[in-house]
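Using the numbering used here, the letters of the sequence shown map in sequence onto residues 1 to 206.
Working notes, beginning with the structure itself.
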Amino acid sequence: MTHKNYLPAGKILMATNNKNKIKEIRSVLSPVNSISVFSLNDFGITAEVTEDGKTLEDNALLKAEYVFRLLNIPSISDDTGLFVDALNGEPGIYSARYAGENATYRDNCIKLLSKLKNVKPEDRKARFESVICFYTGKGEYKFFKGVCRGKIIESERGSNGFGYDPVFVPDGSSKTFAELTDQEKNKISHRALALNSFRNFIEKNI
Numbered sequence: 001m002t003h004k005n006y007l008p009a010g011k012i013l014m015a016t017n018n019k020n021k022i023k024e025i026r027s028v029l030s031p032v033n034s035i036s037v038f039s040l041n042d043f044g045i046t047a048e049v050t051e052d053g054k055t056l057e058d059n060a061l062l063k064a065e066y067v068f069r070l071l072n073i074p075s076i077s078d079d080t081g082l083f084v085d086a087l088n089g090e091p092g093i094y095s096a097r098y099a100g101e102n103a104t105y106r107d108n109c110i111k112l113l114s115k116l117k118n119v120k121p122e123d124r125k126a127r128f129e130s131v132i133c134f135y136t137g138k139g140e141y142k143f144f145k146g147v148c149r150g151k152i153i154e155s156e157r158g159s160n161g162f163g164y165d166p167v168f169v170p171d172g173s174s175k176t177f178a179e180l181t182d183q184e185k186n187k188i189s190h191r192a193l194a195l196n197s198f199r200n201f202i203e204k205n206i
């Protein structure tokens, strides 16, 4: 991508119906006054693309390109994975459906804790990786990545957040993501780091 105005109409579309992701994305991008952030819900769209890529980047691009074709609006998508060292990188790109296609967040956490039940605390290192894909049409796209390292604890703690937040403690903290406030989490989370990189890019190119 070369330097130019990527949002001439000031609109950007989030390629998700996940209310938790929408909340996080809007929170991080809200300081950019010159853009309006829309979700699929704003257009009554419930269809979702099949995430059959081999990497986070593959899946993020699939989603961003798909929704751009629906509405012809520059789009951003997110694909995130939790990679646990002791499980050879599981659940990885399958994090959202680790316990099955229709698994709840809690189902996934329970399966993860079960697979780690005999793993010592010092061997429970993990990292969250989040990839944001910004798609502007005609095959033009750019990736922004954020990584947050930490560990998986032995039982769930906290009621904020979503996904694996109740079992993940980021490095430098004694609290799980689910025990942090939104403001605290948005300073260090993988998705916030990726979104901040995207925000910095947009601020220089609008």
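For each residue, glycine too, the CB sits at the ideal point set by N, CA and C.
Proximity test, R157 beta-carbon vs the ligand NAD heavy atom, cut-off 6 Å: The ligand NAD is absent from the structure shown, which contains no ligand whatsoever.
CB-CB length for F168 against T176, believed under 8 Å: 6 Å
Inter-residue spacing [alpha-carbon to alpha-carbon] between H3 and N205: In this prediction, H3 has a pLDDT of 40, which is less than 50 and means its spatial position is unreliable; what the coordinates show is noted afterwards. Answer to the nearest angstrom: the Cα atoms are 6 Å apart.
Exposure of D79, with buried meaning 16 or more beta-carbon neighbours within 10 Å: buried
Contact between the segment 124 to 136 and the segment 59 to 78 (3+ Cβ pairs under 8 Å): yes
Own chain, CB closer than 6 Å to A107, minus 5 neighbours either side, in chain order: According to the sequence provided, residue 107 is Asp. The question's Ala does not apply to it. Answer for D107: A99, listed in chain order.
DSSP beta-bridge partners of I132: D78, F144
Residues that P166 bridges to, as DSSP identifies them: P166 is not bridged to any residue.
Three-pair Cβ contact test at 8 Å for the segment 191 to 198 versus the segment 81 to 89: no
Beta-carbon proximity of K63 to A15, cut-off 7 Å: yes
Of the listed residues A96, L113, G92, D165, nearest to K54 (C-alpha basis): G92
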